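Here numbering that gives the first Met the number 0 is used: the first residue of the sequence shown is 0, the next is one more, and so on. This report refers to the structure that appears directly beneath it.
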Amino acid sequence: MTGTGYYETLLSLLAVLAAVALLARRLNTAPSILLVAAGVALALIPGIPAIELSPRFVLLILLPPLIYSAGVAMSWREFRFNLRPIALLAFGCVLFTTCAVAAAAHYVLALPWNIGFLLGAIVSPPDVVAPLAVARRLGLPRRLTVILEGEGLANDATALVLYRFAVAAVSTGAFSFPEAAATFGAIVVGEIAFGIGVGWVSLRLRHWARDPRVEITLSLMTPYLAYWVPENLGGSGVLATVAAGLYVSWNGPRLISSATRLQGIFFWDLLIYLIEGFVFLVTGLQARTLFERGVAASVGELLLGVVVTTLVCIAARFIWVFPAAYLPRLLFPAIRRRDPYPPWGVPFMLAFIGIRGVVSLAAALAIPFTLQNGAPFPHRDAVLVVVFGVIILTLIGQGLMMPAVARWLRLPQLAAREKREEKEAELQARRAALAAAERRLQALGETDGLKDETAEHLTARNHQRALHMPPTLEQGFATAATSAKLHVQLITAERDYLHELLRKGEITDESRRLIERELDLEEESISCKREAYEPPL
């Protein structure tokens with residue numbers, strides 16, 4: 000493909016991404032599902048050039064920023080509180096699923112044990128991007144989304160390490176469990192320590208730079224440094240990137256300036272949006288290439304492999320999740336007192352959300368073509384097709400069923416109650432923060448001798464904010480939308496008048512941009528306030 004062809008392909012993918020996003024908004028469904036379906040449909044159109052997904056491009060270029068941004072967005076306090084269920088899923092469930100798929104592949108599909116373990120390691124980690132997008136759209140309970148996100152941050156590391164062991168076992172014909180367990184433990188400890196170190200260095204450099212453009216550039220370099228070094232040393236890089244993101248999440252507010260946060264949020268939102276959309280679209284586009292490679296096996300065998308593997312993945316997650324949710328509380332009263340039994344619908348939904356994604360596809364594509372002795376890697380093409388089929392069935396099938404399952408379990412109502420409690424605590428925190436600011440102002444007046452006009456201005460600012468704060472949530476729900484709408488109309492009138500002055504030559508472009516930036520920040524502030532008092536579903 001020529002350079003012009005690459006540009007045309009890239010622009011075409013961006014156009015499809017935008018069109019599917021608009022269609023998903025109209026249909027009120029997750030864009031990820033439609034993007035995969037669109038990719039499959041495009042791949043089956045004759046004459047469309049085939050696009051092959053490079054596994055190293057996915058694992059080394061696309062995956063690090065996705066993991067890092069999720070780690071930064073994750074609350075360390077919530078992650079630590081839910082560490083037990085997250086670890087049980089990210090490590091225990093991945094290993095259990097790998098073994099279950101290996102057994103099914105050996106006894107049902109007649110594959111060798113080593114190939115079965117390889118297939119199990121590839122399909123064992125659920126994807127986090129697509130189900131979280133659907134979960135947030137549905138308004139699922141907060142803790143459920145936290146556990147899903149925490150699991151998604153760590154399960155790829157477990158699966159990729161198991162995958163490397165499985166590839167080595169197939170290639171060399173030898174495997175030592177004690178050696179593999181010791182290596183895995185060293186990888187976990189080493190990567191976490193390295194990731195914390197990368198996060199510490201990144202924050203200090205950003206604090207020293209004091210320039211939003213430099214700080215955002217450093218933030219973009221952070222996940223690649225955290226990922227690439229352990230990956231090249233034989234690890235996975237995932238846990239190091241997660242640790243760096245969580246460290247920045249916990250310590251960043253004290254070291255990152257407000258200007259950097261405002262610009263960085265926009266930059267990372269756009270970057271992650273484009274990466275996620277590209278990943279799902281190109282995943283679907285692999286359909287033609289993968290099925291062409293799988294023609295050596297019969298269609299019936301491939302379909303049987305896809306169905307059996309998918310059913311085992313789903314069943315294994317259900318079998319694991321319920322005991323993992325209830326047995327620790329049953330056996331240890333201290334856990335039960337600190338964290339009571341959850342409603343059965345929560346672990347059911349947690350077990351149901353087991354969608355496979357691009358990490359599984361990248362791992363399958365990265366299987367070597369030959370063994371160390373030069374012989375072809377056994378069953379490589381069949382494994383590729385089965386993995387792709389599992390991704391499609393779980394992503395489209397389970398993804399489309401998630402809203403109905405959530406409504407059946409009445410989880411949105413549970414989330415609404417949690418949201419209300421969260422909003423009440425937030426309103427109290429806002430009042431307490433204003434009171435703290437008032438006390439600080441009085442202290443400054445006594446010690447620093449503030450001028451009267453300065454003190455009056457700052458006091459008026461606090462009183463104005465207090466007046467705009469509703470006394471109750473109900474009043475906030477009732478007035479937030481109307482007040483925000485009127486406020487935006489006033490800002491729009493100011494913008495229109497500024498453009499009139501600009502056309503008449505009464506102000507310069509520089510003056511107009513400065514005033515418009517202030518209006519933009521004010522409008523964004525209004526949007527945040529409207530979301531703060533938005534009623535629960």
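No residue lacks a Cβ here, since even glycine has one placed at the ideal position from N, Cα and C. Note that the structure is predicted; figures quoted are calculated from it, not measured.
Are the CB atoms of residue j and residue i within a distance shorter than 9 Å?
i    : j    : result
V305 : G388 : yes
L394 : L41  : no
V384 : F290 : yes
L147 : I352 : yes
S31  : A132 : yes
E275 : L22  : no
V237 : D155 : yes
G234 : I186 : yes
A405 : M348 : yes
L410 : V345 : yes
D508 : L501 : yes
L139 : A414 : yes
P377 : V169 : yes
V278 : G356 : yes
L202 : I271 : no
A101 : A153 : no
Under the three-state reduction of DSSP, which class applies to residue i: helix, strand or coil?
i    : result
T369 : strand
P375 : strand
G234 : coil
K422 : helix
F321 : helix
T240 : helix
D210 : coil
F347 : helix
Y246 : helix
S526 : helix
N113 : helix
I313 : helix
P342 : coil
I121 : helix
G184 : helix
I195 : helix
S218 : helix
S11  : helix
T28  : coil
I352 : coil
S297 : coil
Grab the span of the alpha helix (DSSP H) containing residue i for me, first residue to last.
i    : result
W267 : 257-284
V107 : Note, V107: premise wrong, no alpha helix (DSSP H); not H, not E.
V128 : 128-137
G398 : 398-407
T507 : Counting along the chain, T507 falls outside any alpha helix (DSSP H), and DSSP gives it neither H nor E.
R335 : 332-337
I395 : Counting along the chain, I395 falls outside any alpha helix (DSSP H), and DSSP gives it neither H nor E.
G149 : 141-171
S359 : 357-364
In whole angstroms, what is the alpha-carbon distance linking residue i and residue j?
i    : j    : result
A18  : R25  : 11 Å
W343 : A20  : 34 Å
I354 : L59  : 22 Å
L302 : R512 : 60 Å
G196 : K503 : 56 Å
F193 : M220 : 15 Å
R135 : A29  : 10 Å
R76  : G70  : 12 Å
L88  : T157 : 10 Å
L497 : V487 : 15 Å
R516 : F265 : 15 Å
L440 : N81  : 39 Å
W249 : Y106 : 47 Å
G244 : W267 : 13 Å
V122 : T288 : 19 Å
L510 : R253 : According to the sequence provided, residue 510 is Ser. The question's Leu does not apply to it. Distance between the alpha carbons of S510 and R253 is about 32 Å.
G46  : P222 : 38 Å
L52  : R141 : 34 Å
V200 : V188 : 19 Å
Q437 : R260 : A quick correction: the sequence has Glu, not Gln, at residue 437. If I take the Cα positions, the gap works out to 26 Å.
L370 : G299 : 27 Å
V39  : I391 : 9 Å
L232 : E190 : 10 Å
I215 : L62  : 18 Å
V247 : E505 : 46 Å
Practice problem: Within the region 30-89, note down every full alpha helix (DSSP H) run reaching 4 residues or more, in order along the chain. | Solution: 30-42, 62-72, 75-80, 82-86
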